Amino acid sequence: MQAIRKALKDIWGFTEFRPLQQEAMAAIKEGRDAIVILPTGGGKSLCYQVPAITLDGLTVVVSPLISLMKDQVDALNECGVQAARIDSSLTPEERNQVFHGIHNGHIKLLYVAPERLMMEGFIDLLKQVGVSFIAIDEAHCISMWGHDFRPEFRQLGQLKEIFPDVRIGAYTATATEQVRKDIAKQLHLKDPCVLVGSFDRPNLIYKVFPRKSINDQVMSVIQRHPKESGIVYCIRRADVDRMSAALVKRGIRAVPYHAGMSDDLRKQHQEDFVRERVDIVVATVAFGMGIDKSNVRFVIHAGMPKSPEHYQQESGRAGRDGLEAECVLFYSGGDYGIWKNFTREMSDQARQIALDKIGHMYNYCTTGLCRHRILLEYFGQRLDKDNCGACDVCLGEVDFVKEAHVVAQKILSCVLRLEQRYGSQYTAQVLTGSRDQRILECRHDELSTYGLLQDCQQAQVQNWTEQLIGQGHLEKGGEYNTLSVTTSGWQVLRGEIEPRLVQPMLKSKPAKRVAQVGQDQWQGVDRGLFESLREKRAEIAQEKRVPAFVVFGDAALRDMARKRPSTREGFLEVKGVGQAKAKQYGSIMIEAITTYCRDFDVSLDPEDCIPI
Ligand code: ADP
Ligand code: ZN
Numbered sequence: 064m065q066a067i068r069k070a071l072k073d074i075w076g077f078t079e080f081r082p083l084q085q086e087a088m089a090a091i092k093e094g095r096d097a098i099v100i101l102p103t104g105g106g107k108s109l110c111y112q113v114p115a116i117t118l119d120g121l122t123v124v125v126s127p128l129i130s131l132m133k134d135q136v137d138a139l140n141e142c143g144v145q146a147a148r149i150d151s152s153l154t155p156e157e158r159n160q161v162f163h164g165i166h167n168g169h170i171k172l173l174y175v176a177p178e179r180l181m182m183e184g185f186i187d188l189l190k191q192v193g194v195s196f197i198a199i200d201e202a203h204c205i206s207m208w209g210h211d212f213r214p215e216f217r218q219l220g221q222l223k224e225i226f227p228d229v230r231i232g233a234y235t236a237t238a239t240e241q242v243r244k245d246i247a248k249q250l251h252l253k254d255p256c257v258l259v260g261s262f263d264r265p266n267l268i269y270k271v272f273p274r275k276s277i278n279d280q281v282m283s284v285i286q287r288h289p290k291e292s293g294i295v296y297c298i299r300r301a302d303v304d305r306m307s308a309a310l311v312k313r314g315i316r317a318v319p320y321h322a323g324m325s326d327d328l329r330k331q332h333q334e335d336f337v338r339e340r341v342d343i344v345v346a347t348v349a350f351g352m353g354i355d356k357s358n359v360r361f362v363i364h365a366g367m368p369k370s371p372e373h374y375q376q377e378s379g380r381a382g383r384d385g386l387e388a389e390c391v392l393f394y395s396g397g398d399y400g401i402w403k404n405f406t407r408e409m410s411d412q413a414r415q416i417a418l419d420k421i422g423h424m425y426n427y428c429t430t431g432l433c434r435h436r437i438l439l440e441y442f443g444q445r446l447d448k449d450n451c452g453a454c455d456v457c458l459g460e461v462d463f464v465k466e467a468h469v470v471a472q473k474i475l476s477c478v479l480r481l482e483q484r485y486g487s488q489y490t491a492q493v494l495t496g497s498r499d500q501r502i503l504e505c506r507h508d509e510l511s512t513y514g515l516l517q518d519c520q521q522a523q524v525q526n527w528t529e530q531l532i533g534q535g536h537l538e539k540g541g542e543y544n545t546l547s548v549t550t551s552g553w554q555v556l557r558g559e560i561e562p563r564l565v566q567p568m569l570k571s572k573p574a575k576r577v578a579q580v581g582q583d584q585w586q587g588v589d590r591g592l593f594e595s596l597r598e599k600r601a602e603i604a605q606e607k608r609v610p611a612f613v614v615f616g617d618a619a620l621r622d623m624a625r626k627r628p629s630t631r632e633g634f635l636e637v638k639g640v641g642q643a644k645a646k647q648y649g650s651i652m653i654e655a656i657t658t659y660c661r662d663f664d665v666s667l668d669p670e671d672c673i674p675i
């Protein structure tokens, strides 16, 4: 373990392990096979990169995505590690150079796509040079039970036979128990060490709002993150185009991304985002696979995704560096309808599964329970604290309706009085006492429930109705989404169940309360210096033509702006600074720090700096 700790500090500049990293590294070091399941941002790459450095011989990393390989290799080279990749984008000379490096034992980590690895000539080469470890990234791709099966992964099942003495590690962020077992079986792993991390992402702050004037709502989130990277997801391509145009018009550096655009343009926009030439990508679900950008500070959903799996994956692209990030979802009852419509063509079984996921997602939006808890329980895990301190509900930003059961009973009774033949909008109109022609014609103004909630806004009542649907007390059905009272709805009417209703916040409040995680992470950090170091980093990245986070992560910059080192030794104390980076960038960064501190009269090397 000593070698591992030393590599972690010297090369990556980290002194502590993230949960399960130590166990994952130890298993490989000891020669065992391993299956490691950590959420996005959990630090999977280090689980194979660190032992790879400390083992004799070559480590082969199998990865399905060229863009991801490239970033990882760039990042390793920046840390002074000899890593290379072989893929179709290399020129023949570059490829020869890599082969040469493999032959003479220069290269420690080699990234390849599965189909290339399994080519006969390639296997022969690897046999000659001696492989000590094979790491398989995105390992769920091998299983048909996963959500992203790739046939080319299946051939990897032969690896154990070809290299019986080589340890194999499989790494993924998503795997149910079934997929996990299938990974072990398909790869013929020998008594693997199985490590499953918590799926909770405590640094993500989840918030949910009913959608109202979406452009303003999205702007208000963006304004909390000036010059920071973020993603805005929309359901439809047309929404993407509209939203990105609206943002650009308001002076935001945003680009659109969806499958209807040409490959070239999509690629360019993705690059612009990763290289920080723009701040925001507005996209459909088509965006995100293989985006290994660690400093995404917020992910906004302008519409409700169709499953908690999708939400977890898309929102999970925020805050991979472990620093706080915001995940804000704007929903409306209409989103539920859109997704439901998509299920029409499905077979009965597939439809049921899809509807169930839509229902769970809707429930997430509407229940007013801790968002972390709901997501985690959906994935079969428990939250080990009462207050997560990182969602709108736990932060007290959501106002609960005091007499929720009375309000709920009024709504449910009205649905019954309307003979369960109308939708949520009409029901809300009746409850608020609207003089709409249709209501008068149907003489619904004579119902006993007419005007029962006349002091409330119609949008508010409609949202409460949606909340009751999300909690399963009401059901939408038929072509016109007519409401009906469910069994649990009857229990509410009889007073046997206490429903929870939240006051719909029709506007995103300025974050008056900063989450607990946020406060800690900014403690002692000079924000001005942080900003100026960000600019310095952008300059370096531009010059070297690598993504900014490959030079330094946000966490490292914050720690620099906290420790404000004026010497090389001090600089090496910064989290995320290893030997190679200190050597390469130490003097530039120290100069930037000392200049800033002199100009703004900020102390250098503060002694009372609290280690975080
Ligand atoms: P994953 O592949 O699981 O999504 P990564 O391997 O990309 O996660 O790591 C996410 C971020 O966390 C990276 O910026 C990485 O440098 C950082 N990181 C990983 N392990 C540690 C650690 N032990 N201490 C501090 N930062 C870490
Ligand atoms: Zn919470």
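Going by the working numbering, the residue at position 233 of the sequence shown is 296; the numbering climbs one at a time, nothing skipped.
Where a beta carbon is used, it is the ideal one built from N, C-alpha and C, also for glycine.
Nothing here was measured: the structure is a model prediction, and the numbers come from that model.
Inset, instruction - Assign ILE651 to buried or exposed, taking buried as 16 or more other Cβ atoms, counted over all protein chains shown, within 10 Å of its Cβ. - result: With fewer than 16 other Cβ atoms within 10 Å, it is exposed.
Legend entry - Other residues of its chain near HIS288: CB distance less than 6 Å, five sequence neighbours each side excluded: ARG360 and PHE361
Inset, instruction - Leaving out five residues on either side along the sequence, give the residues of the same chain with a beta carbon under 7 Å from the beta carbon of MET623. - result: So the list reads LEU596, VAL637, MET652 and ILE656, once near-sequence residues are dropped.
Legend entry - For GLU387 and ARG407, the rounded distance between their alpha carbons: Distance between the alpha carbons of ARG407 and GLU387: 39 Å.
Inset, instruction - Indicate the three-state DSSP secondary structure (helix, strand or coil) for GLY76 in the structure shown. - result: coil
Inset, instruction - Following the continuous beta strand (DSSP E) through GLY540, name the residue where it begins and the one where it ends. - result: It spans 537-540 - the beta strand (DSSP E) in which GLY540 sits, taken as one unbroken run.
Legend entry - Spatial distance of ILE675 from ARG621 (CA atoms): Note that ILE675 scores 49 on pLDDT, short of 50, meaning its location in the model is unreliable; the coordinates nonetheless yield the value given after this. For ILE675 and ARG621, the distance between alpha carbons rounds to 11 Å.
Inset, instruction - Let me have the residue list for the ligand ZN: C-beta closer than 5 Å to any non-hydrogen atom, ordered along the chain. - result: CYS433, HIS435, CYS451, CYS454 and CYS457
Inset, instruction - Measure the C-alpha to C-alpha separation of ALA604 and VAL271 and round it to an integer number of angstroms. - result: 35 Å
Legend entry - Alpha-carbon to alpha-carbon, LEU121 and GLU141: 19 Å
Legend entry - Cβ pair PHE531, CYS477 closer than 8 Å: According to the sequence as given, residue 531 is Leu; it is not Phe. Not closer than 8 Å, so no.
Inset, instruction - Mind reading off the beta-carbon distance from GLY558 to HIS536? Whole number of angstroms is fine, and I expect it under 8 Å. - result: Incorrect: roughly 13 Å between the Cβ atoms, too far for contact.
Inset, instruction - Return yes when at least one heavy atom of the ligand ADP lies under 7 Å from the C-beta of PHE212, else no. - result: no
Inset, instruction - List the DSSP bridge partners of HIS364. - result: TYR296 and LEU392
Inset, instruction - Please say whether THR545 and GLN483 have beta carbons closer to each other than 8 Å? - result: yes
Legend entry - Where TYR543 falls, given that 16 or more other Cβ within 10 Å makes a residue buried: Flag for TYR543 reads exposed.
Inset, instruction - Grab me the residues of THR658's own chain with a C-beta within less than 7 Å of its C-beta, minus the 5 sequence neighbours each way, in chain order. - result: none
Legend entry - Near the ligand ADP: LYS313 beta-carbon under 7 Å from a heavy atom: According to the sequence displayed, residue 313 carries Arg and not Lys. Checking the Cβ of ARG313 against the ligand ADP gives no.
Inset, instruction - Verify the contact flag: GLN642, CB atom, against every heavy atom of the ligand ADP, threshold strictly below 7 Å. - result: no
Inset, instruction - Kindly indicate the opening and closing residues of the alpha helix (DSSP H) around PHE336. - result: In the DSSP assignment, PHE336 falls within the alpha helix (DSSP H) that extends over 326-337.
Inset, instruction - Let me know the beta strand (DSSP E) ranges lying completely inside the segment 521-566, each 3 residues or longer, listed in chain order. - result: 537-540 and 545-548
Legend entry - Boundaries of the alpha helix (DSSP H) in which ARG217 is found, first to last residue: 214-217
Legend entry - Rounded C-alpha distance that separates ARG480 from THR490: 10 Å
Inset, instruction - Could you work out which residue in ARG608, VAL640 and ASP342 is closest to VAL295 when comparing CA atoms only? - result: ASP342
Legend entry - Close-in-space but distant-in-sequence residues of the same chain around GLN218 (CB under 8 Å, 5 per side omitted): PRO177, GLU178 and MET181
Inset, instruction - Take LYS570 and list the residues in its own chain whose beta-carbon comes closer than 6 Å to its own, dropping the five residues that flank it on each side. - result: Annotation note: pLDDT 49 at LYS570 (below 50); position unreliable, no value reported.
Legend entry - Start-end ranges of the beta strand (DSSP E) lying completely within the segment 396-426, minimum 3 residues: none
Inset, instruction - Could I get the ranges of all uninterrupted alpha helix (DSSP H) runs contained in the segment 446-503, with 4 residues as the minimum, in chain order? - result: Contiguous alpha helix (DSSP H) elements confined to the segment 446-503 occur at 467-480 and 487-494, taking only those with 4 or more residues.
Inset, instruction - With distances taken Cα to Cα, identify the nearest neighbour of ALA381 among VAL344, LYS69 and PHE212. - result: When each option's Cα is compared against that of ALA381, the closest is VAL344.
Legend entry - Buried/exposed call for ASN167, threshold 16 Cβ in 10 Å: It is exposed - the Cβ of ASN167 has fewer than 16 other Cβ atoms within 10 Å.
Inset, instruction - Consult DSSP for ALA97 and reduce its assignment to one of helix, strand or coil. - result: strand
Inset, instruction - Answer yes if the segment 95-104 comes into contact with the segment 227-237, meaning at least three C-beta pairs across the two stretches below 8 Å, and no otherwise. - result: yes
Legend entry - Beta carbon of ARG631 nearer than 8 Å to that of LEU592: no
Legend entry - Contacting residues, own chain, Cβ-Cβ under 6 Å from ASP589 (five flanking each side not counted): ALA624 and VAL665
Inset, instruction - Output the boundary residues of the beta strand (DSSP E) element that contains SER378. - result: Looking at the DSSP string, SER378 is not in any beta strand (DSSP E); the run it does join, the alpha helix (DSSP H), is 371-378.
Legend entry - Where VAL175 sits in the DSSP three-state scheme: strand
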